[in-house]
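To convert a position in the sequence shown, counted from 1, into this note's numbering, add 6. Cβ atoms here follow ideal geometry from the backbone N, Cα and C, with glycine treated the same way. Please read all numbers here as calculations on a predicted model, not as lab measurements.
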Amino acid sequence: MNKLRIAIQKSGRLHEDSIRILREAGIEFNNGINKLKSEAFNFPLEVLFLRDDDIPQYVEDGVADIGIIGQNVLIEKNKNVQTINALGFGKCRLSIAVPKAKEFTSAADLNGLKIATSYPHILGNYLKENNISAEIHEISGSVEIAPGIGLADAICDLVSSGSTLFMNGLREAQVIFKSEAVLVSGHNLSADKQEIINRLVFRLNAVKKAKNNKYILLNAPNNKLDEIIKILPGMKSPTVLPLAEEGWSSVHSVVNENDFWEIIENLKANGAQGILVVPIEKMIL
Ligand code: PRT
Ligand code: ZN
7 MNKLRIAIQK SGRLHEDSIR ILREAGIEFN NGINKLKSEA FNFPLEVLFL RDDDIPQYVE
67 DGVADIGIIG QNVLIEKNKN VQTINALGFG KCRLSIAVPK AKEFTSAADL NGLKIATSYP
127 HILGNYLKEN NISAEIHEIS GSVEIAPGIG LADAICDLVS SGSTLFMNGL REAQVIFKSE
187 AVLVSGHNLS ADKQEIINRL VFRLNAVKKA KNNKYILLNA PNNKLDEIIK ILPGMKSPTV
247 LPLAEEGWSS VHSVVNENDF WEIIENLKAN GAQGILVVPI EKMIL
């Protein structure tokens, strides 16, 4: 049977998380230290370890069928590949930053400036959309030092904590693009390969859902059960089991991370006791 080929970053910020999500999906393989590729032991998958910048081209050409890549690289490279899933890691933003003392109130202040970046395509689109006439100076690394050495008036670079900007006397003036790692695929894959992608995506979604949800167990007085059940929707409806102590029940359910604390407060207000919250590893609905 044909194996699916996935391209992931060989080393760098996306490498470990890319390996982690494949492992969480139950796929085992040796990682890419000193290796170009590795075959999974228990899933029809071959993993290619590449520089992130090359992944969109490899996927477009069909050398890899799918890949894990930051949206920033994907949009910048502008290749003919499609996004299958956002993966929830590698989050960052592409921002314009200016020297701390420089005034900046709106995008129009960029008119006439020289902006250093490794993202000329995304920055160019942004400037065009905002009718700004600025000079783009493309450099491939250490963009943050450009204003300090007189190479540019401003920069456009990736930011996560902001400490690189701070250490170089710069301040984030405008976010132009928000990015995270995504799973992408080429076009015209065989039915066999599409089927393997579907299996992989099904597993990735089960892991993602589990992370967004918690399993909750609590004790409730029987006379409050109706209210408590209303607070806890569960996957179908909560499980209710009698406790050994007369007049009490144990209630089990699943709650979403987003409204977690509100639900807990509500449960307590309605007489729930001994509330236990445990992580879920996989969630298949
Ligand atoms: O060798 P290869 O070409 O594969 O790797 P690379 O050096 O080009 O990329 P790498 O490993 O640095 O980043 C890979 C991907 O991680 C990026 O394309 C983004 O999608 C994502 N990512 C998330 C980041 C950051 N956060 C990030 N903070 N990529 C880079 N940075 C850099 C940024 O360029 C700046 O220099 O970190 C610095 C800023 O960080 P803070 O925390 O100081 O703001
Ligand atoms: Zn790179």
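Original post:
Can you list, in chain order, the residues of its chain whose CB lies under 8 Å from that of Glu52, leaving out five sequence neighbours each side?
Top reply: Lys9, Leu10, Arg11, Ile12, Lys43, Ser44, Glu45, Ala46
Original post:
Do Lys97 and Glu186 come within 8 Å of each other at the CB atom, strictly closer than that value?
Top reply: yes
Original post:
Any Cβ of chain C within less than 8 Å of the Cβ of His258?
Top reply: No chain C is present in this structure, which holds just one protein chain.
**OP:** Drop a sphere of 10 angstroms on the beta-carbon of Asn91, count the other beta-carbons inside from all chains shown, and report buried for 16 or more, exposed for fewer.
**Re:** Classification for Asn91: buried.
Original post:
What are the start and end residues of the alpha helix (DSSP H) that includes Leu273?
Top reply: Counting along the chain, the alpha helix (DSSP H) containing Leu273 begins and ends at 266-275.
**OP:** Would you mind sorting Val181 into buried or exposed? The rule is 16 or more other CB atoms within 10 Å of its CB.
**Re:** exposed
**OP:** Measure the alpha-carbon distance for Asn211 versus Thr123 and round it to whole angstroms.
**Re:** Rounded to the nearest whole angstrom, the C-alpha separation of Asn211 and Thr123 is 35 Å.
Original post:
Alpha carbon to alpha carbon, how far is Gly18 from Leu54?
Top reply: The alpha-carbon separation between Gly18 and Leu54 amounts to approximately 15 Å.
**OP:** Determine the closest residue to Phe279 out of Pro239, Ile155, Ile270, Pro285, with distance taken between C-alpha atoms.
**Re:** The sequence given here has Gln at residue 279, not Phe. Looking at the Cα atoms, Ile270 is the closest of the given residues.
Subject >> Minimum length 3: unbroken beta strand (DSSP E) runs contained in the region 102-189 >> reply: 120-123, 141-144, 160-165, 176-185
Subject >> Where Leu78 falls, given that 16 or more other Cβ within 10 Å makes a residue buried >> reply: Rather than Leu, the amino acid found at residue 78 in this sequence is Asn. When all chains shown are included, Asn78 counts as buried.
Original post:
Is Asp58 closer than 8 Å to Gly76 when the C-beta atoms are compared?
Top reply: The Cβ atoms of Gly76 and Asp58 sit closer than 8 Å to each other.
Original post:
If you pair each beta-carbon of the region 101-113 with each one of the region 154-161, do three or more pairs fall below 8 Å?
Top reply: yes
Original post:
Cβ atoms of Val260 and Met241: under 8 Å apart, would you say?
Top reply: yes
Subject >> 6 Å CB neighbourhood of Ala70 in its chain, flanking five on each side removed >> reply: Arg11, Ala13, Leu54, Tyr64
**OP:** Tell me, please, which residues DSSP counts as bridged to Leu247.
**Re:** Ser256
Original post:
Ile27 and Asn37: beta carbons closer than 8 Å?
Top reply: no
Original post:
I think Ile33 touches Asn48, with their Cβ atoms under 8 Å apart; what is that distance to the nearest whole Å?
Top reply: 7 Å
Original post:
DSSP puts Asn262 in a beta bridge; with which residues?
Top reply: Asn219
Subject >> Backbone CA spacing between Leu223 and Lys184 [nearest angstrom] >> reply: 37 Å
Original post:
Taking the alpha helix (DSSP H) that Pro62 falls in, what are its first and last residues?
Top reply: 61-67
Subject >> Cβ-based neighbour list, Asp198, same chain, cut-off 6 Å, excluding 5 preceding and 5 following >> reply: Excluding positions up to five away in sequence, the list reads Asn8.
Subject >> Selected residue, minimal CA-CA separation from Gly154, among Lys108, Asn174, Thr111, Ser169 >> reply: Asn174
Subject >> Per-residue DSSP class, three states only, for Glu34 >> reply: coil
**OP:** Flag Cys162 as yes when its Cβ comes closer than 7 Å to any non-hydrogen atom of ligand 1, and as no otherwise.
**Re:** Result no, Cβ not under 7 Å from ligand 1.
**OP:** Could you check the C-alpha separation between Pro238 and Lys220 for me, to the nearest Å?
**Re:** The amino acid at residue 238 is misidentified as Pro; the sequence shows Leu. Their backbone Cα atoms lie some 12 Å apart in a straight line.
Original post:
Which one or two residues does DSSP pair with Leu100 in a beta bridge?
Top reply: Leu164, Phe183
Subject >> Asn229 (DSSP reduced to helix, strand or coil) >> reply: helix
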